[in-house]
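Undergrad:
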Amino acid sequence: MTKQLRDFPLAVDFSEESGKTLVLVGESGAGKSTILNLLAGLLHPDRGRIVVDGMTLFQSDPRVAVAAYQRPVGYVFQDYALFPHLSVFENVAFGLRSQGGPERAIRPRVSAALEQLGIAQLSKSRPTRLSGGQQQRVALARALVLEPRLLLLDEPLSALDLQTRQQVRTELRRILSGLSCTTVFVTHSAFEAMVFGERIAVVERGRIVQIGRRVDFLRHPRSPYVAGLMGVNLFRGRVAAKDGTGLTQVETADGVLNIVADNATEEIFVAVNPSEVTIHTSPLAGSAQNVFAGRIIELVPEPPFGERIRVVLDSKPPLVAQITAHAMQSLGLREGMEVYASFKATAVNVYA
Amino acid sequence: MGQAHRPLPRSSTAPSPGRRTIAVAVIAATAAALFLALLVLPVLSLLIRSSPADLLRRLTNPLVVQALRLSVVTTCISTAAVVILGLPIVYMLALQEFPGKRLLEIVIDLPMVLPPTVAGVGLLLAFGRAGLAGRVLSALGITVPFTTLAVVFAQMFVAGPFLINTARAGIEEVDAKYLRAAATLRASPAYTFLRVILPLSYPALIAGAAMTWARALGEFGATITFAGNLPGVTQTMPLAVYIALESNLDVAVALSVILLLVSFGLLLALRSVPFTARK
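Sequences listed follow chains A and B, in order. The first sequence maps to residues 1 to 352 in the numbering used here. The second sequence maps to residues 353 to 631 in the numbering used here.
1) Have a look at Arg454(B) and Leu437(B) and give me their C-alpha separation to the nearest angstrom.
2) Out of Lys242(A), Glu267(A) and Glu251(A), state which residue places its alpha-carbon closest to the alpha-carbon of Val260(A).
3) Taking 7 Å as the limit between beta carbons, can you name the residues of its chain near Lys631(B), skipping five residues before and five after?
4) Report the three-state DSSP secondary structure of Pro318(A) (helix, strand or coil).
5) If you run the structure through DSSP and keep just helix, strand and coil, what is Lys3(A)?
6) Taking 7 Å as the threshold (beta carbon to beta carbon), is Ala383(B) in contact with chain A?
7) Could you pull out every residue in the same chain whose Cβ sits closer than 8 Å to the Cβ of Val548(B), ignoring the five residues on either side in sequence?
8) Since Phe89(A) is in the alpha helix (DSSP H), which residue starts that stretch and which ends it?
9) With a cut-off of 7 Å, does the C-beta of Tyr530(B) fall near any C-beta of chain A?
10) So which residues of chain A does Val548(B) contact, with C-beta pairs closer than 7 Å?
11) Can you tell me whether DSSP reads His280(A) as helix, strand or coil?
12) Classify Ile268(A): buried if its beta carbon has 16 or more other beta carbons within 10 angstroms, exposed otherwise.
13) Which residues in the same chain have their Cβ closer than 7 Å to the Cβ of Ser33(A), if we skip the five residues on either side of it in sequence?
14) Since Gly354(A) meets chain B, which of its residues come closer than 9 Å, beta carbon to beta carbon?
15) With a threshold of 7 Å between beta carbons, is Gln249(A) in contact with chain B?
16) Near Thr628(B), which residues of its chain fall below 6 Å by C-beta distance, leaving aside the five closest residues on each side in sequence?
17) Taking only the alpha-carbon atoms, compute the straight-line gap between Glu198(A) and Leu24(A) and give it to the nearest angstrom.
18) Measuring only between beta-carbons, confirm whether Phe185(A) sits less than 7 Å from chain E.
19) At the level of alpha carbons, what is the spacing between Thr2(A) and Ala30(A)?
20) Please tell me whether Ala579(B) has its Cβ less than 7 Å away from any Cβ of chain A.
21) Buried or exposed: which applies to Glu17(A), given that a residue is buried once 16 or more other Cβ atoms fall within 10 Å of its Cβ?
22) At what residues does the alpha helix (DSSP H) containing Arg421(B) begin and finish?
23) Counting pairs of beta carbons, one from the stretch 464–476 of chain B and one from the stretch 568–586 of chain B, are three or more of them closer than 8 Å?
24) In three-state terms, what does DSSP make of Gln288(A)?
25) Since Pro551(B) meets chain A, which of its residues come closer than 9 Å, beta carbon to beta carbon?
26) Would you please state the rounded distance, in angstroms, between the beta carbons of Arg142(A) and Asn91(A)? I believe it to be under 8 Å.
27) Quick one: measure Cβ to Cβ for Ser275(A) and Gln322(A), integer angstroms, because I've assumed they're closer than 8 Å.
28) Under a Cβ-count criterion, where at least 16 other Cβ atoms within 10 Å of its own Cβ denotes burial, should Ser189(A) be classed as buried or exposed?
29) Grouping DSSP H, G and I as helix and E and B as strand, with all else coil, what is Leu622(B)?
30) Does any residue of chain B bring its CB to less than 7 Å from the CB of Gln59(A)?
31) So Arg430(B) and Met508(B) are supposed to be a Cβ contact under 8 Å. How far apart are they, rounded?
32) At which residues does the beta strand (DSSP E) containing Val202(A) begin and terminate?
33) Work out the CA separation of Leu445(B) and Leu57(A) for me, nearest whole Å.
34) According to DSSP, is Tyr340(A) helix, strand or coil?
35) Along chain B, which residues have their Cβ under 8 Å away from the Cβ of Gly116(A)?
36) Pull the bridge partners of Met55(A) from the DSSP assignment, please.
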C-alpha cells in the first residue's frame with residue numbers, strides 16, 4: 001500500500017504468515033505507526049490492498065474500504081488509551097458490549113481475559129490508578145478478549161521506565177508466544193525487535209529496507225542503517241583526502257571520519273566495533289580523531305548479566321557504543337541525554 | 353592586616369515608583385471603580401427597593417403568576433428541544449469535515465449577534481401565514497405567530513447557538529485517541545458517541561444547556577415582535593416587567609428581582625462545577 005505522508009511517501013509491501021509475529025523496527029517518524037493505522041483502518045491508503053486471513057480489508061480498485069470498527073483487528077496503543085470513565089472490567093468489556101450480545105455471555109469472557117493476564121483483582125479499579133505495566137495488561141486484555149485475527153502493538157514497552165520494561169518484556173513475550181493470531185509489533189528498539197520478532201522488517205522513511213529472519217539481519221545487514229540498528233557500526237564512504245602521515249579522511253553521508261588505513265581504495269566500508277567507541281559527557285581534547293555529538297536513544301543491558309551496556313546514539317553518523325554498567329552509572333547516563341562519542345582513527349576495520 | 357574599607361556604593365536599589373506609574377494606577381483604579389459602579393448599582397437598587405415580605409406578597413398577583421409559569425414552561429421546552437434537535441449538528445461540527453462547514457458555522461452564530469427584534473421580524477416573515485414555512489403550517493391548520501409556540505420558537509432561535517457552540521467545544525476537547533481506541537473495539541460511530549464522547553463531555557453539554565436556558569429566560573425583543581404580549585399566552589416574565597413598569601412599579605420590581613436571583617443562582621452553579629472533560 002502507498003500513502004503520501006507529510007514528509008515523504010510511504011510505500012510498503014509485505015506479508016506475514018498466519019499466527020506469526022512480525023516486528024516493524026525503525027526510527028520515530030519512519031512511518032511504522034502509520035502502517036499500523038493503515039492496517040487497523042484508522043487511515044486509508046492512497047492505493048493498495050490489505051488482506052487479513054483471506055478477508056480483503058482494503059482495495060483501491062475496485063474500491064473496498066472496510067471501516068475500522070468492522071475489522072477483525074485488535075490494537076494496543078502506545079499510551080494504552082484506556083477509557084478513563086470506565087473501570088478496568090468495563091474497559092475490557094467495551095468491545096463485546098459495542099457489538100451487542102447478552103450480558104451472561106459477556107461477563108465470563110471478560111473475567112477469563114482478566115484472569116489470563118493476571119489482573120482479575122484490578123477489575124473494579126479505574127485506569128488512572130494503575131501502574132504502567134498494569135495499564136498495558138488491561139489494554140492487551142481489552143484487545144485480546146475480542147479474539148482478533150490480527151493484533152497490532154504500537155511500541156508497547158516505550159511508555160514504561162527501564163526497570164519495569166525488563167519485567168514486562170519477559171511477560172509480554174510469554175503472552176504473545178501463546179497467541180494464535182498474527183501479530184505486528186512496532187518498536188524503535190532493535191533489541192526488542194530481536195526479542196519479539198520471528199521476522200523483522202526495518203522501516204526507513206516510509207519504506208521497508210530489509211525484511212527477514214532475525215539471524216539474517218545480524219549476518220547480512222543490507223545497509224549501514226540496518227547494521228547500526230543491529231549494533232554494528234558500519235559506514236560506507238569515499239576517500240576524500242589522505243595526508244602524509246597515513247591519516248585518511250572518509251566522507252560518508254552523515255559526516256567525515258578520520259581513519260588510518262593502508263589499503264584504502266576509493267569507495268570503502270568502515271566498521272567500528274562498539275567496544276571501541278567511548279562515551280564522554282563533555283567534549284574532549286585528546287588523541288581521538290573522531291568525536292561526534294549525539295543524544296542517547298537507547299541504553300540496553302546486554303545479556304547474560306547486564307554488565308555491558310549497549311548505548312545507541314542519534315549522532316551524525318549514528319553510533320553504537322558498548323560500555324560497562326559501572327561506567328554508565330558513574331557518568332549518570334540516561335536516555336535522551338546529549339553526550340559525545342569518539343573512537344580512534346586506528347580502531348577501525350576497512351573493507352573495499 | 354590592613355583591610356581596605358571601601359564605602360558601599362551609592363544606593364542603587366530599585367527607584368521608588370515614579371510619578372507616572374502612580375498616575376497610571378490611579379486612572380486605572382478610577383476607571384475600574386466607575387465601570388463596577390455601573391454594573392453593581394442597578395442590581396443593588398433592585399435588591400434594596402422592597403423588603404422580602406413585600407416581594408412575596410407581590411408574587412401572588414395573577415399577572416406575576418401567569419408570567420412566571422409561562423416563562424418556566426416555555427424555557428424548559430425550548431431548551432429540551434434545542435438539545436434534542438441540536439445534538440446531530442453538534443456532532444457534525446465537532447467531528448466531521450464537509451463542504452460548507454464554515455458557512456454553517458456562520459449561520460449558527462448569526463442569531464447571537466442579530467438584534468432580537470430583527471430576529472422577531474424574520475420569524476414573523478417565515479412563520480406568518482404568508483411565510484415560507486407558515487404557508488405549509490396554515491394549510492395544516494397550525495398558526496404560529498402570537499401563540500405560545502411562537503414564544504418557544506423565538507427562544508430556540510436566539511438561545512440555540514449557545515448550546516451548539518458550548519457543546520461543540522466540549523466534544524472537541526475529548527482526546528481523539530479514545531475515539532480511535534473505540535473504533536478498534538468494534539464500536540460504530542453512534543456507539544462511540546453515546547458511550548465515549550458524551551460521558552467524557554457531558555459537563556460541557558450541561559453548561560451549554562444552562563446558558564441556553566438562561567438566554568431563553570431573558571428573551572424579550574424576538575418574543576414581543578413574533579409572539580406578542582398576551583397575558584398567560586405569550587407574556588413571559590421579561591415582557592411582564594416591561595408592561596408592569598407602566599402601571600405598577602412594585603410588580604415590575606418583584607418580577608425583576610426573581611429574574612435577578614435566578615440568573616445569579618445559575619451563574620453561581622455554573623462557576624462552581626468544573627466543566628472541562630476528563631482527559
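Every residue gets a Cβ at the ideal spot worked out from N, C-alpha and C, and that includes glycine. Here the structure is a predicted model, which means the values were calculated and not measured.
TA: In this structure, then:
1) 20 Å
2) Lys242(A)
3) Because Lys631(B) sits at a pLDDT of 35, beneath the cut-off of 50, its placement in the model cannot be relied upon, and the following sentence gives the value as read from the coordinates. Here the set comprises Asp527.
4) coil
5) strand
6) no
7) Val526, Tyr530, Leu531, Ala534 and Ala539
8) Val88 to Ser98
9) yes
10) Phe83
11) strand
12) buried
13) Asp154 and Val186
14) In the structure as shown, chain A starts at 1 and stops at 352, and residue 354(A) therefore has no counterpart that could be examined.
15) no
16) Low per-residue confidence applies at Thr628(B): pLDDT is 47, beneath 50, and the placement is therefore not dependable enough to give any value.
17) 11 Å
18) No chain E is present in this structure, whose protein chains are A and B.
19) 14 Å
20) no
21) exposed
22) Pro414 to Leu447
23) yes
24) Here the sequence assigns Ala to residue 288(A), which means Gln is not the residue at that position. Looking at Ala288(A) - three-state DSSP - the assignment turns out to be coil, as it is neither helix nor strand.
25) Phe83, His85 and Leu86
26) 6 Å
27) 5 Å
28) buried
29) helix
30) no
31) For the record, residue 430(B) in the displayed sequence is Ser; it is not Arg. Right, their Cβ atoms sit about 5 Å apart.
32) Arg199 to Glu204
33) 29 Å
34) strand
35) According to the sequence provided, residue 116(A) is Gln. The question's Gly does not apply to it. Chain B residues near Gln116(A): none, gap ~18 Å exceeds 8 Å.
36) Val52(A)
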